[in-house]
Amino acid sequence: MNKLVYWYHKLGSPPTFYRFAGVLRPWCLAIALILAVIGLYGGLYLAPADYQQGDAYRIIFIHVPSAWMSLFIYGVMAVAALVAVVWRMKMAEVIAMQSAPIGAAFTFITLCTGSLWGKPMWGTWWTWDARLTSELVLLFIYLGIIGLFHAFEDRRHGARAACFLILVGVVNLPIVHYSVVWWNTLHQGTTVRIFGKSNITTSMLWPLLVMMFSTKFYYAASLFGRARADLLDLESGKAWVKQIASDEEARS
Amino acid sequence: MSGARVSSACAAVLRRDLLLAWRRRGDMALPVLYALIVATLFPFALGPEAQLLARIAGGVVLVTVLLAMLLAFDGLFRPDLEDGSLEQLMLAPQPLPLLLAMKIAAHWLTTALPLMVIAPLMAGMYHLPWPAMKVLLLALLIATPLLSLLGAVLVALTAGTRRSGMLLALMLLPLCVPVVIFAAGAVTAAQQGLPWVAPIAWLGAALALALVLAPLACAAALRIALDA
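Chains as they are written, first to last, in my numbering: chain Z, 890 to 1141; chain Y, 11 to 238.
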C-alpha cells in the first residue's frame, strides 16, 4: 500500500493518534511561542510607526493572523466534517469538534482587536461593514456548532449532527458574505478603508507572516491537546486508555 | 412502488398534517398573536412619528414574521417524534425527502400563511404606502417558504435533543441573514422608487435552489439526528 495512505489510515486509530499528537504537541507549542516572540518583537519594536495611523496600527499583528485563522480553522473543520459524514471516521469527528472552540476563540479575538483598532482609526468601535458583519456571523456559526454538539446526550451522535451543520455553514458562509457586501453597497460605500496592499512595507510584512505561522502552530498544539483529552474521555473503558491510566498511577 | 403510490402517500401526509393543524386551531393563532404583539411594541419603544415608522415598516414586519416562524418551528417534528409517527415516516418505502417536503408545505400553510394574512395589517399600522406594501407581500411570499425550508433542515438536526429553542435561533441566524437582507432590500428599494426586481429575483433563485436541496438535506439531517 502507498505509504501516505497507510499513514493516514493509521492516524485514524485513536491510540496511534494519541501517541502521535503527544509527541508533536510540545514541539508545536515551542515553535508557536518562539515564532510569536520573534513576530511580536519585529512587529511591535522593529517595524516603523505608520505615517498615518501612528503606533495604533500595530494591532494588525494580532488582528490579521487571527482573522486568517478564523477562516483557516473553519476550512479544516469543513474537510474533517466531510470525512466524518461520509466515512463516519471517529478521528475526523474529534478533530472537527475540538477545532470549533479554538476557531470561535480566534474569531472572538478578531472581533475584539478589530473594535479596539476601529475606535482610534474610524472613530467607532463597530460599523456594519461587510467584513465585520461576516466575521460576526461566523462567530454565530461557530457557537451554533458548539451548541449543537453539546445538545445531544451521546457524544458521537452530537458530533455527527454538528458535522452536518458545519457543511451547511460552508454553503452559507459565502452567501452571507456576498449578500452583506451587496447590502452595504446599496446604502453607501464605506468611506474608511483598511489600507491597501501597496502600503505595507517589508518591515511590516515579515512580522505579519511570522505571526501567521505562529498562530498555525499554536492551533496545531491546542488541537492536539484538546483531541488527546477528548480521546481519553471518549475511549474510556477501552484497553489502551486503561493502560495509560494504570501507567500514570504507577508513576505517581 | 409505482408513481401513483408515491403521490398518494404525499397527499396522505399533507392531508394528515393539515387536519391535525385544523383540529388544533388555537395553536395556529399563537404565532399570529405573537407577531401582532411584537409589532405593537415597536412604536411604543421608538415613538409614534409616522415618517420613522414608515421607514422601518418593511424591516419590522419581516423580522417579526421571522421570529413568529421561529417560535412555531418546534411544532414541525416534535409531536410526530413523540407519538412515533416520524419513525414510521422514515421507514416508509416512499422517498423520505418527498414526504418531508409535504410536511414542510403543510407547516408553511398553517403557520406562515396566517402571518402573511396579517402582514398588510402590521404594515398598515406602520403607515407603509401601498406600492411598497405590494413588494413587501411579494417578498414575504418568497421569503417565508424559503425560511420554512431552511428552518426545517435545522429543526431536523435538533430533533433528537431536549432543549432546542434557543439553539435553533442561534443556528438559524446565519442562514436567515441573506434572506432578510434581500427581502428588506426589495421593500426599501420600492419605498425609494428604485427598481426592486433584482433582490426579489435573488430570493426566487434561492427558493428554487432550496426547494430542490432542502428536503434532501432535511432527510439526511433527520437520519443523522435520530439514529441512535
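Just so you know, even glycine gets a beta-carbon here, dropped at the ideal spot from N, CA and C.
Per-residue burial, residue i [other beta carbons within 10 Å of its own, 16 or more giving buried]
{"i": "Lys-899 of chain Z", "result": "exposed"}
{"i": "Val-1060 of chain Z", "result": "exposed"}
{"i": "Gly-1012 of chain Z", "result": "exposed"}
{"i": "Lys-113 of chain Y", "result": "buried"}
{"i": "Thr-198 of chain Y", "result": "buried"}
{"i": "Glu-842 of chain Z", "result": "For residue 842 of chain Z there is no data in the structure shown, the boundaries of chain Z being 890 and 1141."}
{"i": "Gly-1058 of chain Z", "result": "buried"}
{"i": "Phe-54 of chain Y", "result": "exposed"}
{"i": "Lys-1008 of chain Z", "result": "exposed"}
{"i": "Ser-1125 of chain Z", "result": "exposed"}
{"i": "Ala-1109 of chain Z", "result": "buried"}
{"i": "Trp-1006 of chain Z", "result": "buried"}
{"i": "Ala-218 of chain Y", "result": "exposed"}
{"i": "Pro-141 of chain Y", "result": "exposed"}
{"i": "Lys-1105 of chain Z", "result": "buried"}
Residue closest to residue i, alpha-carbon to alpha-carbon, out of the options
{"i": "Thr-171 of chain Y", "options": "Z:Glu-1042, Z:Cys-1052, Z:Ala-945", "result": "Z:Glu-1042"}
{"i": "Gly-992 of chain Z", "options": "Z:Leu-971, Z:Leu-1028, Z:Pro-1009, Z:Cys-917", "result": "Z:Leu-1028"}
{"i": "Ala-60 of chain Y", "options": "Y:His-137, Y:Gly-69, Y:Arg-33, Y:Asp-84", "result": "Y:His-137"}
{"i": "Asp-1018 of chain Z", "options": "Z:Val-1069, Z:Met-1100, Z:Asn-891, Z:Trp-916", "result": "Z:Val-1069"}
{"i": "Leu-236 of chain Y", "options": "Y:Ala-49, Y:Gly-94, Y:Thr-50", "result": "Y:Gly-94"}
{"i": "Ala-967 of chain Z", "options": "Z:Val-953, Z:Ile-949, Z:Leu-1120, Z:Ser-988", "result": "Z:Ser-988"}
{"i": "Ser-1004 of chain Z", "options": "Z:Ile-948, Z:Ala-973, Z:Phe-1053, Z:Tyr-934", "result": "Z:Ile-948"}
{"i": "Met-980 of chain Z", "options": "Z:Ser-902, Z:Ser-1125, Z:Trp-1095, Z:Ser-1092", "result": "Z:Ser-902"}
{"i": "Thr-1091 of chain Z", "options": "Z:Ala-1110, Z:Thr-1002, Z:Gly-932, Z:Gly-943", "result": "Z:Gly-932"}
{"i": "Gly-68 of chain Y", "options": "Y:Val-207, Y:Gly-175, Y:Ala-49", "result": "Y:Ala-49"}
{"i": "Leu-223 of chain Y", "options": "Y:Ala-166, Y:Leu-160, Y:Ala-208, Y:Ala-55", "result": "Y:Leu-160"}
{"i": "Leu-177 of chain Y", "options": "Z:Cys-1052, Z:Leu-1062, Z:Leu-1037", "result": "Z:Leu-1037"}
{"i": "Val-16 of chain Y", "options": "Y:Leu-80, Y:Pro-107, Y:Ala-193, Y:Leu-226", "result": "Y:Pro-107"}
{"i": "Gly-214 of chain Y", "options": "Y:Phe-192, Y:Asp-37, Y:Pro-225, Y:Leu-226", "result": "Y:Phe-192"}
{"i": "Leu-913 of chain Z", "options": "Z:Trp-976, Z:Pro-954, Z:Ala-1040, Z:Tyr-1107", "result": "Z:Tyr-1107"}
{"i": "Tyr-1067 of chain Z", "options": "Y:Pro-209, Y:Leu-150, Y:Trp-32", "result": "Y:Pro-209"}
{"i": "Gly-928 of chain Z", "options": "Z:Pro-1096, Z:His-952, Z:Tyr-895", "result": "Z:Pro-1096"}
{"i": "Ala-973 of chain Z", "options": "Z:Tyr-934, Z:Cys-1052, Z:Ala-925", "result": "Z:Cys-1052"}
{"i": "Arg-88 of chain Y", "options": "Y:Asp-27, Y:Ala-21, Y:Pro-225, Y:Leu-123", "result": "Y:Asp-27"}
{"i": "Leu-81 of chain Y", "options": "Y:Ala-129, Y:Asp-37, Y:Pro-105, Y:Ala-218", "result": "Y:Asp-37"}
Cβ pair residue i, residue j closer than 7 Å
{"i": "Ala-936 of chain Z", "j": "Ser-1103 of chain Z", "result": "no"}
{"i": "Tyr-946 of chain Z", "j": "Asp-939 of chain Z", "result": "yes"}
{"i": "Ala-133 of chain Y", "j": "Met-143 of chain Y", "result": "yes"}
{"i": "Ala-910 of chain Z", "j": "Ala-1116 of chain Z", "result": "yes"}
{"i": "Ala-1050 of chain Z", "j": "Ile-234 of chain Y", "result": "yes"}
{"i": "Phe-52 of chain Y", "j": "Val-23 of chain Y", "result": "no"}
{"i": "Ala-970 of chain Z", "j": "Ile-1064 of chain Z", "result": "no"}
{"i": "Ala-211 of chain Y", "j": "Val-145 of chain Y", "result": "no"}
{"i": "Cys-228 of chain Y", "j": "Val-187 of chain Y", "result": "no"}
{"i": "Leu-156 of chain Y", "j": "Ala-216 of chain Y", "result": "yes"}
{"i": "Glu-982 of chain Z", "j": "Leu-1000 of chain Z", "result": "no"}
{"i": "Phe-950 of chain Z", "j": "Met-1100 of chain Z", "result": "yes"}
{"i": "Ala-169 of chain Y", "j": "Leu-91 of chain Y", "result": "yes"}
{"i": "Phe-83 of chain Y", "j": "Val-190 of chain Y", "result": "no"}
{"i": "Leu-167 of chain Y", "j": "Ala-231 of chain Y", "result": "yes"}
{"i": "Leu-1120 of chain Z", "j": "Tyr-897 of chain Z", "result": "no"}
{"i": "Val-75 of chain Y", "j": "Leu-125 of chain Y", "result": "yes"}
{"i": "Pro-225 of chain Y", "j": "Leu-101 of chain Y", "result": "no"}
{"i": "Ala-194 of chain Y", "j": "Leu-62 of chain Y", "result": "no"}
{"i": "Thr-1002 of chain Z", "j": "His-952 of chain Z", "result": "yes"}
{"i": "Trp-1129 of chain Z", "j": "Pro-904 of chain Z", "result": "yes"}
Assigned secondary structure, residue i (DSSP; H/G/I helix, E/B strand, else coil)
{"i": "Val-1081 of chain Z", "result": "With a pLDDT of only 43 at Val-1081 of chain Z, under the threshold of 50, the placement of this residue in the model should not be trusted; the figure read from the coordinates follows. Note: Val-1081 of chain Z maps to coil in three-state DSSP."}
{"i": "Ala-1116 of chain Z", "result": "helix"}
{"i": "Asp-1136 of chain Z", "result": "helix"}
{"i": "Ser-1103 of chain Z", "result": "helix"}
{"i": "Gly-1003 of chain Z", "result": "helix"}
{"i": "Ser-1092 of chain Z", "result": "helix"}
{"i": "Asp-93 of chain Y", "result": "helix"}
{"i": "Ile-234 of chain Y", "result": "helix"}
{"i": "Gly-943 of chain Z", "result": "strand"}
{"i": "Ser-959 of chain Z", "result": "helix"}
{"i": "Ser-158 of chain Y", "result": "helix"}
{"i": "Ser-1125 of chain Z", "result": "strand"}
{"i": "Gly-891 of chain Z", "result": "This sequence places Asn at residue 891 of chain Z; Gly is not what is there. Asn-891 of chain Z: coil per DSSP, three-state reduction."}
{"i": "Glu-1024 of chain Z", "result": "helix"}
{"i": "Lys-1086 of chain Z", "result": "In this predicted model, Lys-1086 of chain Z has a pLDDT of only 48, less than 50, meaning its place in the structure is not dependable; the value taken from the coordinates is given anyway. Residue state, collapsed to three classes: helix."}
{"i": "Ala-227 of chain Y", "result": "helix"}
{"i": "Ser-1111 of chain Z", "result": "helix"}
{"i": "Trp-1017 of chain Z", "result": "coil"}
{"i": "Asp-1043 of chain Z", "result": "coil"}
{"i": "Thr-171 of chain Y", "result": "coil"}
- Query: Does the count of Cβ pairs from the region 1033-1053 of chain Z and the region 191-210 of chain Y closer than 8 Å reach three?
  - Reply: no
- Pairing CB atoms from the region 1021-1040 of chain Z with CB atoms from the region 170-189 of chain Y, are three or more of them under 8 Å? yes
- Query: Okay, do the region 952-969 of chain Z and the region 990-1005 of chain Z touch, 3+ Cβ pairs below 8 Å being the bar?
  - Reply: yes
- the region 105-119 of chain Y contacting the region 38-45 of chain Y, beta-carbon criterion three pairs below 8 Å: The region 105-119 of chain Y vs the region 38-45 of chain Y: no contact.
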